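Residue numbers (the working numbering): 618 to 1451.
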Ligand SMILES: [Zn+2]
Ligand SMILES: [Zn+2]
C-alpha cells in the first residue's frame, strides 16, 4: 500500500488545475444558468503575510463555491487587494520603502501563500485598488457624488490622529481612539471633503430588514445609524444680558438667531426644564457674532475648547459648567431659565444645546446637584430626592397636561409650544479626506475664479504622482501639497492657473465598490483588452457592461470579519444605494447573505499576533501536514462563527481522517488488481446516503464542522465494512470541497480521467438513507451462532421464520424438539432447543 504523500499530490494537482484553467468563471451559457456570487472581504496585503487565522473565511467560501458549482450554478469567486490606506502606508514608512513597492511585494507574497491552499479563485479577475485603471473608477464615483450634491467641503472640527497625522471619520475611532494606532484622537478644525451619507440614513436602516445577515451585525448598524424620534423645540433667548436688552436685540438680528433649538426625545418633560446647557462650540459661535459675556465665561469657553482639542473625545471628564449670563424662556410655562455653558454637551451632537430636565435625566441630575440648580418633578414614578427617574409615566406639575400619560403628552406639549415632531440620526456625514500620500487623489481643482471645479471625466484618472517623501507633513496638508509641478495646473473651466486638491481618499473608498469591479474586471484591466480610454459614463451605458453587473449582483454569499460591521459594510451599502439611484446597479443592496468567521487564536488562547509570539505560519503547516489537512482542520475546529484556539494535537486528528480516506481507496486498488468487485453492504450504503444528505445541508448552512464529523463517521464505517468503488466515488465528490487535492488524486486512482471539480453533486437517496437496517445476533442455547441483517422495524412474527430458515441455524436445530424462539427487539433472536 502506498503512503499518503501530500506534498507530491498537492503540487501535482495545483499545476494541472492551473494548466487546465479550471477555475475560470463560467458566465453561464446564454445566462440562463442560476448564478452564485461568493465573495471574501479582500485583504490588505500587509507585510507580515498570512497567519493560519486569515484563511478560515477563505476556506469556507472555497468549499461553498465548489459546492454551488457542483450543484449546477455558474459561480463567481474572485480575489483582489485592498492596498491603499494607512496600514500599507505605515508599513512602507516603517520599513523605508515606497508604498507602491511594498504593496507589490506583499501582494506577491500573499498570492503565493493563498496559492498553496488550493483555492478556486478566478485570478483572471484579480483587482488591486491602487491600480490607476481601478482607481479611475473610484474617482469617477466621487465625481458623480459631487455632481449630485452628496460630496461637499466643510470646515467643521473633525477627529485628528496626532500619530497618523490625518483626519479620521467617526467610523475610524474605537472608544475615542484611532482604530489604527490606538492614539487618543483630538478635535481639529480643518477644511475637508465630506460625503452626505446622512441622506441615506433612513434607507440604510430600513433595508437591513431584508438582509440575511447575522442579527448582531444588523443591530450594530442600527445602533450606529441611531434613529431617534422626538421633537424639535425652540427656546427664545430672553436676554443675552439682564442689563443690556439693546445688545440682545443687536445680537439676535446679526446672528439671525434669537432662539436656541433643541432636539428632545422627551417633550413630555418640558415643564421640568430648569436650565439649558449649551456646548462650548455653540458658545463660541455666539462669541463670533459679538456676544459679550463676562471675562470669566469667555475664559471657560476658551479653556474647555482647548481641553477638548487635546483630550480623547470619549474620556468621560468631570462635569463642569458656568452660567453664561444669558436667560431663555421655557415655552411651556414662560419661565426664565438660565443658560449654562457646559463640557458635557458636544458641539457636533444634535444642535449643540439641550434642555436640561434634572428630575428625569441622569446627567442633568448630577449637574443640577453639583451647581444647586432646581429639580422639578413632572413625571410620577420615582423619588427625585434620591435620583433622576428616567422612565415614562403620568404627568404632574405640568399645568393642563397633568394626569396625561407620557406617550400622549409628547405630542400635545409639542403642539402646544409650536414645536415639531422630528427624527434624528446618530450617523454623521462621512469625513472623506485624508492628509496622507497613499490614497486616491480627490479629482477636483481649485480655481480662484471658478472655485471648486471637478476634473473632467476624460482626464481621469488623476494619477498619484511619484514622490521622494511620502511621510505625513503633520501640518494638516497632504505630502502631495509639496509637489508643485503636480499641484499647479490649469482650470478646466476658465483656463487660468489653478491648484489640484491635495487631500486623498480614505482607505474605505476602494473597498466601497470592489465587488462591482469583479463583475467587469475585463473592462478595468487594459492588458486584458479593456478599453480604459473610453470615458466611464459611455462605457457604463453599454448593454454588455450592464448585463455583466446585472447578471452577478447582488453578492449571494459574503464572508468576512465582524470588525467591518459599522465601517466597510455601511460605506459599501451607501455607495451601492447611490449607484443604484444613478442607474449603475440594479439591486438596492450589495450583499444578500453575510457570514462572519470567528477568530482563530494562538495556542495560548490569545489573539494571534507578533507581540505575543504565537503566530503560526500556514506555510509551515502546509509543508508538514498538507493544505488539505489545514483546510479540514480549520473547518473542524468548531462552529464557523465562533473563535477557537489553535491546537497542533487536534490537527493530527484531521490528518488521520485524510489518511483513512486514502487507505480505503488504496484497498480498492488492491481489490481491483485482484479483479474482484465489492458491493456495499446495506449499513454502509445507508451511512453514505445519510452523509450525502447531512453534508449537503451543512454546507448550505455553513456548518462545516458537523459535515466533517459526519464524513469521519462514514469513513470509519467504509473502512470497517468496505464499500463499492462506485459508491465511494460519491463520497469523494462530497469530500472534495474540503480536501480538493486528495479527492482529485483518489478520483484519478479509481480510474476517472476528468476533474472532480466538474462532477455533479450527488443526490441523497432518501429511502436508502432512511431505511434503517440492523444486525441481529442469533443465539442458540445462549451462544451466538449466527447473525443477520434485517430492517429495524421487523416484528417478532416476521423475524422468527427468517431466523429458522438460515442454513447455520438449521444445522443446530435439526432433529431437536420444537424450538422455543424469542426476539429481543433490535438485538437478538434467542432459540432454545433440547
Ligand atoms: Zn492613528
Ligand atoms: Zn477657473
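Using N, Cα and C, we set each Cβ at its ideal position, and we do this for glycine too.
Predicted model only: the values in this text are computed from it and were never measured.
Taking a cut-off of 6 Å from the heavy atoms of ligand 1, the residues with a C-beta inside it are 778, 780, 781, 795, 797, 798, 800.
With respect to residue 690, residue 651 sits close: the two C-beta atoms are nearer than 8 Å. For residue 1066, the distance from the CB to the nearest heavy atom of ligand 2 is below 7 Å. Between residue 1376 and residue 1340, the C-beta spacing is not below 8 Å. Taking one beta carbon from each stretch, the segment 692–703 and the segment 1059–1070 have fewer than 3 pairs nearer than 8 Å; the two do not touch. One thing to note: residue 880 has its Cβ no nearer than 8 Å to the Cβ of residue 964. In this structure, the beta-carbon distance from residue 1204 to residue 1160 does not fall below 8 Å. The nearest non-hydrogen atom of ligand 2 is 7 Å or more from the C-beta of residue 653. Following the DSSP letters along the chain, one finds residue 1156 inside the alpha helix (DSSP H) bounded by residues 1153–1157. Residues of the same chain with a CB within less than 7 Å of the CB of residue 657, apart from the 5 flanking positions on each side, are 674, 675, 678, 696, 1176, 1177 in chain order. The segment 879–895 makes contact with the segment 966–985, as at least three CB pairs between them are under 8 Å. Counting along the chain, residue 1166 sits inside the alpha helix (DSSP H) bounded by residues 1160–1169. In this structure, the alpha-carbon of residue 918 lies about 20 Å from that of residue 807. Taking C-alpha positions only, residue 1331 is separated from residue 1275 by approximately 12 Å. The shortest CA-to-CA distance from residue 805 to any of 1093, 747, 915 is the one to 1093. By the neighbour-count criterion, in which a residue is buried when 16 or more other Cβ atoms sit within 10 angstroms of its Cβ, residue 987 is exposed.
Per DSSP, the unbroken beta strand (DSSP E) holding residue 1063 starts and ends at 1061–1064. Between the alpha carbons of residue 1356 and residue 1349 lies a distance of about 9 Å. Judged by DSSP secondary structure, residue 1427 falls within the alpha helix (DSSP H) whose first and last residues are 1424–1430. One thing to note: residue 774 has its Cβ no nearer than 8 Å to the Cβ of residue 723. Secondary-structure assignment with DSSP links residue 1408 through a beta bridge to 1390. A distance below 6 Å between beta-carbons, with the five flanking residues on each side excluded, links residue 1179 to the following residues of its chain, in chain order: 1213. The C-alpha of residue 1054 lies about 6 Å from the C-alpha of residue 1095. In this structure, ligand 2 has no non-hydrogen atom nearer than 7 Å to the beta-carbon of residue 1106. Here the alpha carbon of residue 1451 sits roughly 12 Å from the alpha carbon of residue 1438. In the three-state scheme derived from DSSP, where H, G and I count as helix and E and B as strand, residue 1340 is classed as coil. Relative to ligand 2, residue 1070 has its C-beta within less than 7 Å of a heavy atom.
Per DSSP, reduced to three states, the secondary structure at residue 942 is strand. Around the CB of residue 1223, fewer than 16 other CB atoms lie within 10 Å, so the residue is classed as exposed. Cα atoms of residue 1264 and residue 620: separation of roughly 25 Å, rounded to the nearest angstrom. The DSSP assignment places complete beta strand (DSSP E) segments of no fewer than 3 residues inside the segment 762–813 at 768–771, 774–778, 783–785, 803–806, 809–812, in order along the chain. For secondary structure counted as the alpha helix (DSSP H) over 4 or more consecutive residues, the segment 1018–1062 holds these complete runs in sequence order: 1023–1033. Nearest to residue 1032 by C-alpha distance, out of 1398, 1387, 712, 887, is 887. Annotation for residue 1436: 1421, 1430, 1448, 1449, 1450 place their beta carbon closer than 8 Å to its own, counting only its chain and skipping 5 residues before and after.
Judged by DSSP in its simplified three-state form, residue 1122 adopts coil rather than helix or strand. Of the candidates 1056, 1106, 1049, 1086, 1106 places its Cα closest to the Cα of residue 1076.
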